[in-house]
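Encoded as structure tokens, the structure appears first; notes follow it.
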Amino acid sequence: MSNNKEYLVKRYTRILSWSDEDQVYIIRVLELPGCVTHGDTIKEAWANSDEAVLGVLETLEAKREPLPTPAASANKQAQFPLRLSEKVHHVVKAISDVRGISMNDLILDAIDSVCHVLPGQEKPVHKSIEVVRPKAAKKTARKRA
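Under the working numbering, the first residue of the sequence shown is numbered 5, with each subsequent residue one higher.
Here is the structure:
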């Protein structure tokens with residue numbers, strides 16, 4: 005696999021879930037509808053997803069179809085309003101003050117801690133869905149910490 009293609013493969017966003025029925029981890033690639041793979045471990049599912057993404061990209065290239073842009077390449081920020089009770093707002097404000105970070109960064113860190121799974125991590129997912137972010141987004145998250 006060429007370095008350029010390997011880089012592109014890693015940029016696509018994967019959604020990891022656990023299948024109680026099949027007892028495997030399932031990964032769906034957000035930007036490539038129909039690109040789904042699985043593995044007995046997160047590490048295996050992750051590796052299989054790289055192969056699946058590569059296969060889809062090669063098929064699209066062979067058909068001379070455009071390659072979908074990875075969400076991580078969009079470099080955009082989205083906003084969503086978040087309503088908090090006064091009590092929760094007070095607690096979030098107090099914690100962010102103690103840590104010396106903004107409330108926004110504290111909430112982003114909290115979301116990141118729930119949604120982020122590293123390849124090879126043997127953590128049971130148990131019916132939850134987790135977004136596995138591309139490497140570029142991981143670097144941004146580390147800078148905030």
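For every residue, glycine included, the Cβ atom is placed at its ideal position computed from N, Cα and C.
Roughly how many whole angstroms lie between the Cα atoms of D113 and S106? Linking D113 to S106 through their CA atoms gives a straight-line distance of about 11 Å.
Would DSSP call Y16 helix, strand or coil? coil
Assumed close pair A75, L20 - CB separation to whole angstroms, cut-off 8 Å: Contact doesn't hold; Cβ gap of about 15 Å is too wide.
For L71 and G43, what's the separation of their Cα atoms in angstroms? Each residue's alpha carbon lies about 25 Å from the other.
Could you tell me the distance, in whole angstroms, from the CA atom of V102 to the CA atom of T17? 33 Å
Report the rounded CA-to-CA distance for P123 versus D24, giving the unit in angstroms. Its pLDDT being 44, under 50, P123 is placed unreliably in this model, and the coordinates cannot settle the point.
For a quick check, are the C-beta atoms of S53 and T41 less than 7 Å apart? yes
My understanding is that I111 touches V95, with C-beta atoms under 8 Å, so please give their C-beta distance in whole angstroms. Contact doesn't hold; Cβ gap of about 12 Å is too wide.
Restricting to runs no shorter than 3 residues, where is the beta strand (DSSP E) found entirely within the segment 37 to 62? 40 to 43
Using 10 angstroms around the beta-carbon of L88, count the other beta-carbons present and answer buried if the total reaches 16, otherwise exposed. exposed
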